[in-house]
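K.L.:
Residue numbers (our numbering): 92 to 233.
Glycine residues also receive a C-beta, built at the ideal position from the N, C-alpha and C atoms.
The following block contains the structure:
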């Protein structure tokens, strides 16, 4: 219910999105707040981050590079990974078919699988952040 603003810089950082991802379904207080604010439960988060490394490989234009620093994507990934008890987070297309098959067969993914995907997600965002900090460190030494 809110538009993408600031030239596309703000589009996913919204309480309805993050509330839906982070809601603890076993807590009555969370369920009641979600109902009160009409926040839907989000069970599956699939994120392809802005291609920061690819952009670095293809340009030296600082403005283009900085705009490829994804903020909402890593935030959603981290939120979903934190709430892996209830949310499946996918950061690698190699899991698309497996997740789709599990959901088609059982209606959901398993807890252990969600934990494995959460571990992979934190690894993914860590690597992403490392690339950004390495770029900025290199700029400081110029």
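Whole angstroms is fine: what's the gap from residue 153's alpha carbon to residue 111's?
P.N.:
Locating residue 153 in the chain shown gives position 62, counting from the first residue. Locating residue 111 in the chain shown gives position 20, counting from the first residue. About 35 Å.
K.L.:
Please report the Cβ distance between residue 138 and residue 167, rounded to the nearest whole angstrom; I am assuming they are in contact, meaning their Cβ atoms lie under 8 Å.
P.N.:
Reading the chain shown from its first residue, position 47 is the one you call residue 138. Reading the chain shown from its first residue, position 76 is the one you call residue 167. At roughly 6 Å, the Cβ-Cβ gap stays under 8 Å, so residue 138 and residue 167 are in contact.
K.L.:
Considering only DSSP beta bridges, list what residue 136 is partnered with.
P.N.:
Taking the chain shown and counting its residues from 1, the one referred to as residue 136 is at position 45. Answer is 180.
K.L.:
Where does residue 252 land, buried or exposed, given buried means 16+ other C-beta within 10 angstroms?
P.N.:
Nothing about residue 252 can be reported from this structure: the residues present for the chain run from 92 to 233 only.
K.L.:
Closest to residue 207 by CA distance: which of 122, 195, 181, 220 is it?
P.N.:
As a position in the chain shown, residue 207 is number 116, starting the count at 1. If we check each option's Cα against that of residue 207, 181 comes out closest.
K.L.:
Going by beta carbon distance, what residues of the same chain come within less than 6 Å of residue 141, once the five residues before and after it are set aside?
P.N.:
Here residue 141 corresponds to residue number 50 of the chain shown, with the count starting at 1. Excluding residues within five positions, the ones whose Cβ falls inside 6 Å are 159, 161.
K.L.:
When you compare only the Cα positions, how much space is there between residue 199 and residue 131?
P.N.:
Sequence index remark: in the chain shown, residue 199 carries index 108 (1-based). Sequence index remark: in the chain shown, residue 131 carries index 40 (1-based). Whole-angstrom Cα-Cα distance: 17 Å.
K.L.:
Measure how close the beta-carbons of residue 147 and residue 226 come, nearest whole angstrom, since I'm counting them as under 8 Å.
P.N.:
The count along the chain shown starts at 1 and reaches residue 147 at position 56. The count along the chain shown starts at 1 and reaches residue 226 at position 135. Right, the Cβ-Cβ distance comes to about 6 Å (below 8 Å), so this counts as a contact.
K.L.:
Helix, strand or coil, according to DSSP, for residue 162 in the structure here?
P.N.:
In the chain shown, residue 162 corresponds to position 71, counting from 1. Three-state DSSP puts residue 162 in coil, outside helix and strand.
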